[in-house]
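If you read the protein sequences in the order shown, they are chains G, L and R.
Going by the working numbering, the residue at position 52 of the first sequence is 119; the numbering climbs one at a time, nothing skipped.
Going by the working numbering, the residue at position 4 of the second sequence is 71; the numbering climbs one at a time, nothing skipped.
Going by the working numbering, the residue at position 208 of the third sequence is 275; the numbering climbs one at a time, nothing skipped.
Ideal Cβ positions, reconstructed from N, Cα and C, are used throughout, including at glycine.
See structure below.
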Amino acid sequence: MEFTLGQVAEILQGKVEGDENQKVSRLDKIQEGKAGGISFLANEKYTPFIYETAATAVIVSNTFVPTKPLKTNLIRVEDAYTGFTMLLEAYAMMMKSSVVGIEEPSYMDSSSQMGEHAYRGAFSYIGKNCKIGTSVKLYSHVHIGDRVQIGDNTIIHTGAKICADTIIGNNCEIHPGAVIGSDGFGFAPQQDGTYKAIPQIGNVILEDNVSVGANSTIDCATMGSTLIKKGAKIDNMVQIAHNVIIGENTVIASQTGISGSTEIGKNCVIAGKAGIVGHIKIADNTTIGANTGVSKSIPTPGTTLFGYIGFDMKNFLKSYSLFKKLGSIEDRIRELEKKQ
Amino acid sequence: MEFTLGQVAEILQGKVEGDENQKVSRLDKIQEGKAGGISFLANEKYTPFIYETAATAVIVSNTFVPTKPLKTNLIRVEDAYTGFTMLLEAYAMMMKSSVVGIEEPSYMDSSSQMGEHAYRGAFSYIGKNCKIGTSVKLYSHVHIGDRVQIGDNTIIHTGAKICADTIIGNNCEIHPGAVIGSDGFGFAPQQDGTYKAIPQIGNVILEDNVSVGANSTIDCATMGSTLIKKGAKIDNMVQIAHNVIIGENTVIASQTGISGSTEIGKNCVIAGKAGIVGHIKIADNTTIGANTGVSKSIPTPGTTLFGYIGFDMKNFLKSYSLFKKLGSIEDRIRELEKKQ
Amino acid sequence: MEFTLGQVAEILQGKVEGDENQKVSRLDKIQEGKAGGISFLANEKYTPFIYETAATAVIVSNTFVPTKPLKTNLIRVEDAYTGFTMLLEAYAMMMKSSVVGIEEPSYMDSSSQMGEHAYRGAFSYIGKNCKIGTSVKLYSHVHIGDRVQIGDNTIIHTGAKICADTIIGNNCEIHPGAVIGSDGFGFAPQQDGTYKAIPQIGNVILEDNVSVGANSTIDCATMGSTLIKKGAKIDNMVQIAHNVIIGENTVIASQTGISGSTEIGKNCVIAGKAGIVGHIKIADNTTIGANTGVSKSIPTPGTTLFGYIGFDMKNFLKSYSLFKKLGSIEDRIRELEKKQ
Numbered sequence: 068m069e070f071t072l073g074q075v076a077e078i079l080q081g082k083v084e085g086d087e088n089q090k091v092s093r094l095d096k097i098q099e100g101k102a103g104g105i106s107f108l109a110n111e112k113y114t115p116f117i118y119e120t121a122a123t124a125v126i127v128s129n130t131f132v133p134t135k136p137l138k139t140n141l142i143r144v145e146d147a148y149t150g151f152t153m154l155l156e157a158y159a160m161m162m163k164s165s166v167v168g169i170e171e172p173s174y175m176d177s178s179s180q181m182g183e184h185a186y187r188g189a190f191s192y193i194g195k196n197c198k199i200g201t202s203v204k205l206y207s208h209v210h211i212g213d214r215v216q217i218g219d220n221t222i223i224h225t226g227a228k229i230c231a232d233t234i235i236g237n238n239c240e241i242h243p244g245a246v247i248g249s250d251g252f253g254f255a256p257q258q259d260g261t262y263k264a265i266p267q268i269g270n271v272i273l274e275d276n277v278s279v280g281a282n283s284t285i286d287c288a289t290m291g292s293t294l295i296k297k298g299a300k301i302d303n304m305v306q307i308a309h310n311v312i313i314g315e316n317t318v319i320a321s322q323t324g325i326s327g328s329t330e331i332g333k334n335c336v337i338a339g340k341a342g343i344v345g346h347i348k349i350a351d352n353t354t355i356g357a358n359t360g361v362s363k364s365i366p367t368p369g370t371t372l373f374g375y376i377g378f379d380m381k382n383f384l385k386s387y388s389l390f391k392k393l394g395s396i397e398d399r400i401r402e403l404e405k406k407q
Numbered sequence: 068m069e070f071t072l073g074q075v076a077e078i079l080q081g082k083v084e085g086d087e088n089q090k091v092s093r094l095d096k097i098q099e100g101k102a103g104g105i106s107f108l109a110n111e112k113y114t115p116f117i118y119e120t121a122a123t124a125v126i127v128s129n130t131f132v133p134t135k136p137l138k139t140n141l142i143r144v145e146d147a148y149t150g151f152t153m154l155l156e157a158y159a160m161m162m163k164s165s166v167v168g169i170e171e172p173s174y175m176d177s178s179s180q181m182g183e184h185a186y187r188g189a190f191s192y193i194g195k196n197c198k199i200g201t202s203v204k205l206y207s208h209v210h211i212g213d214r215v216q217i218g219d220n221t222i223i224h225t226g227a228k229i230c231a232d233t234i235i236g237n238n239c240e241i242h243p244g245a246v247i248g249s250d251g252f253g254f255a256p257q258q259d260g261t262y263k264a265i266p267q268i269g270n271v272i273l274e275d276n277v278s279v280g281a282n283s284t285i286d287c288a289t290m291g292s293t294l295i296k297k298g299a300k301i302d303n304m305v306q307i308a309h310n311v312i313i314g315e316n317t318v319i320a321s322q323t324g325i326s327g328s329t330e331i332g333k334n335c336v337i338a339g340k341a342g343i344v345g346h347i348k349i350a351d352n353t354t355i356g357a358n359t360g361v362s363k364s365i366p367t368p369g370t371t372l373f374g375y376i377g378f379d380m381k382n383f384l385k386s387y388s389l390f391k392k393l394g395s396i397e398d399r400i401r402e403l404e405k406k407q
Numbered sequence: 068m069e070f071t072l073g074q075v076a077e078i079l080q081g082k083v084e085g086d087e088n089q090k091v092s093r094l095d096k097i098q099e100g101k102a103g104g105i106s107f108l109a110n111e112k113y114t115p116f117i118y119e120t121a122a123t124a125v126i127v128s129n130t131f132v133p134t135k136p137l138k139t140n141l142i143r144v145e146d147a148y149t150g151f152t153m154l155l156e157a158y159a160m161m162m163k164s165s166v167v168g169i170e171e172p173s174y175m176d177s178s179s180q181m182g183e184h185a186y187r188g189a190f191s192y193i194g195k196n197c198k199i200g201t202s203v204k205l206y207s208h209v210h211i212g213d214r215v216q217i218g219d220n221t222i223i224h225t226g227a228k229i230c231a232d233t234i235i236g237n238n239c240e241i242h243p244g245a246v247i248g249s250d251g252f253g254f255a256p257q258q259d260g261t262y263k264a265i266p267q268i269g270n271v272i273l274e275d276n277v278s279v280g281a282n283s284t285i286d287c288a289t290m291g292s293t294l295i296k297k298g299a300k301i302d303n304m305v306q307i308a309h310n311v312i313i314g315e316n317t318v319i320a321s322q323t324g325i326s327g328s329t330e331i332g333k334n335c336v337i338a339g340k341a342g343i344v345g346h347i348k349i350a351d352n353t354t355i356g357a358n359t360g361v362s363k364s365i366p367t368p369g370t371t372l373f374g375y376i377g378f379d380m381k382n383f384l385k386s387y388s389l390f391k392k393l394g395s396i397e398d399r400i401r402e403l404e405k406k407q
């Protein structure tokens, strides 16, 4: 879809400096701008690019004063970043062609219900006794197990698997290949050295506005519920074991793993590849660094942890810088020993 | 389904203390007990909850002596934990509505056979020349490649992919999204810096009673077989490379990775996020800690390893506690140097 | 399929020593050789096995001189390893039964095109406005989103998900369950503590000869493209975030994660479970060890890194060996302190 710069300026309540009849159909980064694209300049670091970009137009803040001649058109707005974000959202909305309807073949058991404005992609599957809200999108190869409940406006992307008895709120987004509600990993050792599976009869609850990344796995509870509270954002390939609780608005980056029955507070930030043992409690507003191991409860809100077994980040980095020099440190001890 | 407490007591060969006509339809944790649910008390730590729980009944051992008034009914049995486990299994059996039959559309090549009491979910796929035993369940979106063999009573959950030539025993359970028999990662470097794929012509064999977690991947052998021996239990998102051998009853937790041609003994316990290099041999009964790296063979059965490059756990923790204080340790050395 | 040893020798331009009418139908490792199989001997370490193997024949180099009586037939060739590799490739070619045709039900929007010699497995899905080249294979449960372009001879294995707007080159191979083009993990924090998803409007580009392993995830760019350059080989369960660039012929082993906007050079080798932070640049020919963390740019080509926060491998191992002895090192300091 094409827009004139005049139309874009109108949407953004801004002003064109240049030819307002030129047309754009794409959003570009300023350093990669090409004809037909529109970019933005919000960070001074990128200012040099505005004099060279081939983008048809650049959104700038009213305060921007060029220091060299410009080859591009400008659209001046109150705040360039906000303006660009508005444009980005409008664009994304248009691209997410609001798919509606049922592609065949798809499968829904007759005991299940799905609200209005639904999309069911070809080869999507809905088991028995499910209740699915309005404006829900189920892409191709989605599996919805028996007795699953899903709120309004939730999107389940291609190939995601929602196992039996899962409850999902409104405005959630489950990315491709994620598995919600698989059996927890619980086995009782027998006297002959074998293991017997412990029945996993609980479920998973995702509250509203939860996002789960591609190929992540969230196990059902042994009993009760594995609970992801509202607004939590989970990246790709994150493993969440049975009976874990994740607090509101907590963000968990890729490849992190959280073991069974651990409870994470709200507004925490957990970086990639972190590993958290089972049966502990992490306070609100905790920050856990990349690849950090957490082996015991964190009672104090606002703590920051880093390291193989995480502790205070500044101290970890101090210790690690000395670890790198352990060879010369030992030399110094040997020197002292000689001189005795 | 509802049961009276009298009926439950009969199943468990126990005795009701209270109203045996009250009904329960759910299993709850004692600390989360609600009306209509039945809980159990087996761990003294949880004793305080029995005086407050809203559960309709609690299963207790014959030896339990209340020290305060109780609001809940009791079912007394020989051993409360065993009793509850029996109930759990009966409940799980009922919930796993024993699905049987063929949902359409599903796909099975005419050269393949599947035994009696089969379940094939909609959109399940079976390629050419497969032999599948009796009472096997293939959920929606399962892929069974050409020439796959599967024993009796095995369950393949939604979206799991069993690639060509894989052999799976009896009573196995493959969880959603797991991939068994994908190509091993083998590339021959060429003189121009590119890589050429080495054909992976082997397969994967899972013996009886093996469990593979959601979104785990087990690669086929370059030649011969990647072998998971009977009773091994593998959690979610575990990566097992080509030609690996996993011993009987070995348990591997989530996000662990095992590189090519490594052989793990029997009855080992490997915690989450461990990483094991290729071409080594791990003795029976080895315990490998969470996030532990293993870079060489472990010849002695019963070894316990922990750490970035794993060694004896107690020593690792001693070293790590000193690592945390390296700053002050260096200060002490500096002090000694000054005083010379 | 069976071949006489005479036929095999003809293919390999070699000579039979023994009975050229005996037949083989399988490739075996020399230490696991069985009647009806053919093995090879290229590494001296395996020489003892040639006197004991039950394989019907063994391929050896012309220079091989037996020192004991042999029970097996020989096929002598210029170079045994090259000969065996030729056989392996011929075998793999035959096994990959060159599937062609359309299994039903499958789904392709009428606006999309697919070239000649196509294979579309049952339950494969192709969205709107896709352009797919000749001799492309899409196995069962593959999802191809809207506006995807795929070059010639590319294979997409069962259950892989190629999201909207992805561009894939010629001769690529995408293994089962991989997700290409899922949304990047980008959320803007709001004043009330919640997060708002930042629209991810970019795409993923895979150039020619790229391989992506089972259950790996490659996110689309926020704007612009996540780019995997030609010949890059990516193992299972690797996470590649939005806007990452991977250079030509770079190899990345399993469970590695690369954060947003990082650029990896060409001909790098990245071992398993490595973690690389976002917004950095890794020079060409860098080697990153297993489980190594990389927290800043590597400007010098040919660098080798290892460790929790990676540095020079030899120095890391020196420091780690002293870390193991930190207890006794502290004892020595204490001793020195006493003697003052």
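| Asked | Found |
| --- | --- |
| C-alpha distance - G369 of chain R paired with G345 of chain L, whole-angstrom precision | 24 Å |
| In chain order, each beta strand (DSSP E) run of at least 3 residues that lies wholly inside the region 177 to 211 of chain G | none |
| Of the listed residues G:S128, G:I142, G:N110, G:I105, nearest to E77 of chain G (C-alpha basis) | G:I142 |
| Beta strand (DSSP E) segments (min. 3 residues) lying fully within the region 284 to 366 of chain L | 284 to 286, 292 to 295 |
| C-alpha distance - V75 of chain L paired with H184 of chain L, whole-angstrom precision | 30 Å |
| G182 of chain G beta carbon less than 8 Å from that of E170 of chain G | no |
| Separation of G251 of chain G from H224 of chain L, as counted between CA atoms | 14 Å |
| Any 3 or more C-beta pairs closer than 8 Å across the region 283 to 297 of chain L and the region 307 to 314 of chain L | yes |
| Closer than 8 Å to chain G by CB, A320 of chain L | yes |
| Of the listed residues L:S191, L:S249, L:Q180, nearest to I217 of chain L (C-alpha basis) | L:Q180 |
| Neighbour-count burial assignment, D302 of chain R, 16 or more Cβ in a 10 Å radius | buried |
| Residue from R:I349, R:N352, R:D351, R:G360 whose Cα sits closest to the Cα of G324 of chain R | R:G360 |
| Those runs of the beta strand (DSSP E) which lie wholly inside the region 101 to 182 of chain R and span at least 3 residues | 104 to 107, 124 to 128, 140 to 144 |
| Three-state class that DSSP yields for K228 of chain R in the structure shown | strand |
| Cutoff 8 Å: Y158 of chain L Cβ touching any chain G Cβ | yes |
| Chain R contact for H309 of chain L (CB, 8 Å cutoff) | no |
| Cutoff 8 Å: F107 of chain L Cβ touching any chain G Cβ | no |
| Residue-level contact to chain R via CB, E404 of chain G, 8 Å cutoff | yes |
| Inter-residue spacing [alpha-carbon to alpha-carbon] between F107 of chain R and M175 of chain R | 46 Å |
| Where the beta strand (DSSP E) containing F254 of chain L begins and where it ends | 254 to 256 |
| Nearest-angstrom beta carbon gap, I117 of chain R and G150 of chain R [assumed within contact, 8 Å] | Wrong, their Cβ atoms sit about 15 Å apart, outside the cutoff. |
| Where R93 of chain R falls: helix, strand or coil (DSSP) | strand |
| Under 7 Å by beta carbon: chain L residues contacting G324 of chain G | S321, Q322, G339, K340 |
| Contact between the region 232 to 239 of chain R and the region 260 to 276 of chain R (3+ Cβ pairs under 8 Å) | yes |
| Bridge partner(s) assigned by DSSP for Y375 of chain L | The partner list for Y375 of chain L (beta bridge, DSSP) is empty, contrary to what the question assumes. |
| Closer than 8 Å to chain G by CB, I247 of chain L | no |
| Nearest residue (CA-CA) to I199 of chain G, options G:T233, G:S207, G:F190, G:T371 | G:T233 |
| Interface residues of chain R facing F373 of chain L [CB-CB closer than 8 Å] | Simply none; closest approach about 12 Å. |
| V166 of chain R: contacting residues in chain G (beta-carbon distance under 9 Å) | Within chain G, no residue comes near V166 of chain R; the closest Cβ sits about 20 Å away, beyond 9 Å. |
| Delimiting residues of the beta strand (DSSP E) encompassing N270 of chain R | 270 to 273 |
| Per-residue contacts from G291 of chain L into chain R (C-beta, under 9 Å) | D95, K96, E99 |
| Any chain R beta carbon closer than 8 Å to S386 of chain G | no |
| Whole-number beta carbon distance between Y387 of chain L and Y375 of chain R, since they are thought to touch under 8 Å | No, Y375 of chain R and Y387 of chain L are not in contact; Cβ-Cβ is about 12 Å, not under 8 Å. |
| Where the beta strand (DSSP E) containing E84 of chain G begins and where it ends | 82 to 84 |
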